[in-house]
Structures are given as structure tokens and as C-alpha cells.
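Numbering (the working numbering), first residue to last: 60 to 534. These notes concern the structure reproduced below.
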Ligand SMILES: Cc1cc2nc3c(=O)[nH]c(=O)nc-3n(C[C@H](O)[C@H](O)[C@H](O)COP(=O)(O)OP(=O)(O)OC[C@H]3O[C@@H](n4cnc5c(N)ncnc54)[C@H](O)[C@@H]3O)c2cc1C
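Laid out in C-alpha cells, this is it:
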């Protein structure tokens, strides 16, 4: 096995986290090599292209959500340049037979369903009042949280089927802190004001939620890939080596440094010596390759950290529009997909003139029925399900079939870390185990096994280099 020259920093994985770390390391004058198994960088923050159409791996925009991430968003905009469009979010849910705004606007939502909607609103109010008396201390799961804040009726009709579809598990087993608290609570005062205004037929101010992401979205004009490509150029210009098509297969700590085994496109293995390591690999994969061998306890942890996968059916269409929303959620069991994105509604540069496209997201597990479904059957399933005579969706499937000029799918094995009750304990053990090794950091969505957004990943990449430099006495 060849042994290459030692580097100061080895970055494992070339998603947005790894690229940020490479920019920071090379920018600080450290020798740095980044290893990415795929032929191009980007990971989840990537795009696929076909016949002049661009498809991101799910909607990937920036949300300047306060002082914590504003700086990172600004930095990204500086690096990437004039490559973004700014737009207001326009998101819908197909709820029963109607398309309603998401996040739910009580004035629109509850009144759209007549007396039934007022009954749901009363149920929500009752649940919120009870929770304000009892407190949330005894809540354990997603189900507890949602029933306590939205009422059991909305839980059963909306949250339960949607969450089962996305996560593949009963919401009663999903962790409260990491999943449920991402569902923001409706502010009661504006909820009541909106309902009253609607009842009286007068205009009402927009409804607000606690801690909701901003409604403005900064979107990469020509797709998410342009962002990571710009980061790659910046890292290379600073002197980092970006080794794509290179799989990391082993990592061992020896004599104050790391031996990393990598396999190139020619299938040959090479050993690389590094003083420090920044890993953005899925945490269980890192644990499994980190030597000396983990204890039995850690081996158990590896099997407890699971990811939910995503298969995205991308459809090219020779018509102007299908939906008016940027993304539409399908909570109903009649649809096996959970979300449909129409990128043209975010940026007009995603498809040629007089055309549009849809990205249909199926949440699944690696190797299951959806993951393995042949391409034509996946497309056919989308068209058939959109053809169901549900409300205004009567014609959509037929339109999609009539105007389809091509389709293909993308598989993402590590879409979402699965946070069941008990996972947090395993995660903490895993991070403690890695923390015992000197001069290694595990960062990013896969590395921290958390719902981390792209801007937070970039911030982590820079912070990791800073910390490692301090640890080596260079900061
Ligand atoms: C559907 C969806 C929508 C999203 N929308 C948004 C959004 O709107 N805004 C936002 O900010 N965030 C969004 N996110 C989150 C965002 O995608 C992630 O936070 C971010 O892309 C994670 O980057 P990462 O570098 O940490 O991980 P990844 O992108 O997963 O990068 C890890 C890299 O490691 C590589 N790798 C794995 N194993 C090996 C190996 N053995 N050897 C070498 N390389 C390896 C992988 O190929 C990959 O490139 C979304 C996520 C999903 C799934």
C-alpha cells in the first residue's frame, strides 16, 4: 500500500461542511486534503442536471434566521457571488381535499373546513389551555408534544400520517427534543385574532408562530450545486487538495497522528498520514472504522444510529406550471410521497423557457420497496397517485403524464438522522467515544447526527479548524 506525504488536516467527506472546513484549514495556511467518495463534491447540498433542467437534492435554500447564522449566510454570499434569488416562501399542504397555506394560517385553515374546522380549532384551544396548566415536563414523544399543543384531532388527521410517512415510525416513539420541538407552536393571541377577523369578514394581520424560520428564502439561482462548486474553487485556490472519487475505508490513531486508508477510483488503496482529522462522514461509519476498536458498548451504539433515506423522482415537463407553490406537502396516506417541489417557483433558471419540472420526494429506507422500484414504476406511481379524484387534484396526474418529456430519480441514503426516544443517549455515547481521541472533530449533519442546516454546517467547518488550531497550540 502506498504512503503519501503527511498533511496537517485531513477532511473526510466533501459536502458543504467538509468544503467549509477545507477553506478554513487551507486559508489558515495548513496543508489540507479532502476526501470525497463521489465523483463530485456537494453531498446532500447538490444538484442533478438533465437536458437543460436542474434538480436540487430537495429544496436547498438559505434562511438568515437571526444573528447566529446571519454571518455565515453573508460569508456564503461573498464566496458564491451574485448567484442567489430572494423570494418569499410559498408552501402549501394538501389537507383533506384543499390546498392550504403552510405554516397553517388559522384564519384560512380552520374556516376553510366550515364547522369541522371550528371544532378542530376548539380542540386545539382546549389542548393548549390544558398544557399551559399541566406544563410540558411530562411530555416524552412527538405525539405528546403535538397532542398537547395542537389537540388530538389535528394530531390524528394531519401530524400522525405525515410523520409516519416521513420517518417510517409511530410518532409516539419519536424523540421530543430533537423532532417535536421543530414543530413550532401557534401563538394563541394571533390565533384568536385571526379566527375572529375571519368570522367577522375583516382583514387580519398575518399569523405568527414561536421561533418560526423567516418567510424569506435566499435560493441558489442555478441550483444548490453552484454553491458547493464555488466553495470547492475557493478551497482549491487556498491550496487544499480536493480528492473526489476517493473512499475513506479506515482510520486509526497511532503515534500522535492518524493513518487514513483511502481507495481511489482505480480501486487501489493508499495510506495517508494526517496530524488532525475533520470528519463529516455519517457518525456510525466513522465509529465503525475508527481504530483502536470501539468497545462492545460502542458497537451497539453504531447499530442504534439509523438514517431515513430519500428517493426523489425528478420529472421534466413541457408545460408552463403544475402548482403555484414552491413546495407542496402531501400528508394523506393516499399519496406515498411526502412532498413535491416545483423549482421554477423558486428560480426561473431551473428549466428552459415554457417548461417546468417536479421533484417528488419519497421517504424510504435503503433497500426497501420504494428504494428498489424501477424508474418507470416510480414515475407511474407519481402520476397515478396525482390522478386520484381528491379535490382540485383531479387533473394533475393526467397533465403530468401528458407533458412528461423525461424522468429520473436520485437516491440519498442519509437524508435524515432518525431520532427515536433513546437515540439521544446513544448519540451522546458515540460523541464521547470520538471525543477521547485527540485532534479529531466530527461535524455536519452526518457527523453530528442532527438536523443541522447548511449554514450551520459551514459555521461548524470554520469552528472545527479554529478549535483544532488552538488544541495544537497554533491559535
Ligand atoms: C430534503 C432535504 C432538504 C434540505 N433543505 C435544506 C435547506 O433548505 N436549507 C439548509 O440549509 N439545509 C437543508 N437541508 C440540510 C442540508 O442538506 C445539510 O445540512 C447539509 O447539506 C449537510 O452537509 P454535510 O456536509 O454535513 O453532509 P453531506 O452533505 O451528507 O456530506 C457528507 C459527504 O461525505 C461523503 N462520504 C460519505 N462516506 C464517505 C466515505 N467513506 N469516504 C469519503 N466520502 C464519504 C458523502 O458522499 C457526502 O458528500 C436539507 C436536507 C434534506 C435531506
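The beta carbon of each residue, even a glycine, is placed where N, CA and C say it ideally should be.
Cβ-based burial, residue i [other Cβ within 10 Å; buried from 16]
{"i": "residue 532", "result": "exposed"}
{"i": "residue 494", "result": "exposed"}
{"i": "residue 343", "result": "buried"}
{"i": "residue 165", "result": "buried"}
{"i": "residue 352", "result": "exposed"}
{"i": "residue 230", "result": "buried"}
{"i": "residue 383", "result": "exposed"}
{"i": "residue 308", "result": "exposed"}
{"i": "residue 253", "result": "buried"}
{"i": "residue 234", "result": "buried"}
{"i": "residue 514", "result": "buried"}
{"i": "residue 175", "result": "exposed"}
{"i": "residue 279", "result": "buried"}
{"i": "residue 206", "result": "buried"}
{"i": "residue 400", "result": "buried"}
{"i": "residue 506", "result": "buried"}
{"i": "residue 275", "result": "exposed"}
{"i": "residue 485", "result": "buried"}
{"i": "residue 128", "result": "buried"}
{"i": "residue 512", "result": "buried"}
{"i": "residue 426", "result": "exposed"}
Residue i: first and last residue of the uninterrupted alpha helix (DSSP H) it sits in
{"i": "residue 515", "result": "513 to 530"}
{"i": "residue 196", "result": "It is not in any alpha helix (DSSP H) - residue 196 carries neither H nor E in the DSSP assignment."}
{"i": "residue 259", "result": "247 to 259"}
{"i": "residue 67", "result": "Per DSSP, residue 67 belongs to no alpha helix (DSSP H); it is in the beta strand (DSSP E), 66 to 71."}
{"i": "residue 494", "result": "482 to 494"}
{"i": "residue 438", "result": "434 to 445"}
{"i": "residue 242", "result": "Careful: residue 242 lies outside any alpha helix (DSSP H) and carries neither H nor E."}
{"i": "residue 209", "result": "201 to 209"}
{"i": "residue 47", "result": "Residue 47 lies beyond the range of the chain shown here (60 to 534); nothing can be said about it."}
Terminal residues of the beta strand (DSSP E) in which residue i lies
{"i": "residue 279", "result": "275 to 279"}
{"i": "residue 500", "result": "499 to 501"}
{"i": "residue 147", "result": "143 to 147"}
{"i": "residue 464", "result": "463 to 476"}
{"i": "residue 225", "result": "From DSSP, residue 225 is part of no beta strand (DSSP E) but of the alpha helix (DSSP H) over 219 to 226."}
Rounded Cβ spacing between residue i and residue j (contact assumed at less than 8 Å)
{"i": "residue 391", "j": "residue 153", "result": "7 Å"}
{"i": "residue 374", "j": "residue 416", "result": "6 Å"}
{"i": "residue 471", "j": "residue 340", "result": "About 15 Å; that fails the 8 Å criterion."}
{"i": "residue 398", "j": "residue 386", "result": "6 Å"}
{"i": "residue 75", "j": "residue 104", "result": "4 Å"}
{"i": "residue 442", "j": "residue 465", "result": "That pair is no contact at about 14 Å."}
{"i": "residue 360", "j": "residue 346", "result": "7 Å"}
{"i": "residue 93", "j": "residue 67", "result": "That pair is no contact at about 13 Å."}
{"i": "residue 69", "j": "residue 317", "result": "7 Å"}
{"i": "residue 102", "j": "residue 72", "result": "7 Å"}
{"i": "residue 473", "j": "residue 377", "result": "Actually they do not touch by this definition, with Cβ atoms about 34 Å apart."}
{"i": "residue 310", "j": "residue 349", "result": "5 Å"}
Any non-hydrogen atom of ligand 2 closer than 8 Å to residue i Cβ
{"i": "residue 385", "result": "Annotation note on ligand 2: not contained in the displayed structure, which lists ligand 1 as its ligands."}
(Q) Does the stretch 316 to 336 come into contact with the stretch 105 to 123, if we say contact requires no fewer than three beta-carbon pairs (one atom in each stretch) closer than 8 Å? (A) Because the criterion of three Cβ pairs below 8 Å is not met, the stretch 316 to 336 and the stretch 105 to 123 do not touch.
Q) Taking the runs of the beta strand (DSSP E) that are 3 residues or longer, which of them lie wholly in the stretch 284 to 325? A) You should have 300 to 302, 306 to 313, 316 to 322.
(Q) So within the stretch 151 to 184, which uninterrupted alpha helix (DSSP H) runs reach at least 4 residues, ignoring any that extend past its ends? (A) Scanning the stretch 151 to 184 from its first residue to its last, the whole alpha helix (DSSP H) runs of 4-plus residues come out as 165 to 171.
Q. Are the stretch 290 to 298 and the stretch 73 to 91 touching by the rule of at least three beta carbon pairs closer than 8 Å?
A. They touch, by the three-pair rule.
**Q.** Residue ranges of each alpha helix (DSSP H) within the stretch 85 to 118, 4 or longer
**A.** Correct list: empty.
Q) Which parts of the stretch 337 to 423 are runs of the beta strand (DSSP E), unbroken and 3 residues or longer, counting only runs that do not cross its ends? A) Correct list: 366 to 376, 386 to 389, 398 to 400, 415 to 423.
(Q) Pairs of beta-carbons, one from the stretch 87 to 97 and one from the stretch 297 to 305, closer than 8 Å: are there three or more? (A) A contact is defined here as three or more CB-CB pairs under 8 Å, and the stretch 87 to 97 meets this definition with respect to the stretch 297 to 305.
Q. Using 8 Å as the Cβ pair cut-off and three pairs as the minimum, do the stretch 475 to 482 and the stretch 219 to 229 touch?
A. The stretch 475 to 482 makes contact with the stretch 219 to 229: 3 or more CB pairs, one atom from each, lie closer than 8 Å.
Q) Counting pairs of beta carbons, one from the stretch 182 to 202 and one from the stretch 210 to 221, are three or more of them closer than 8 Å? A) Two segments are said to touch when three or more pairs of C-beta atoms, one from each, lie closer than 8 Å; by this definition the stretch 182 to 202 touches the stretch 210 to 221.
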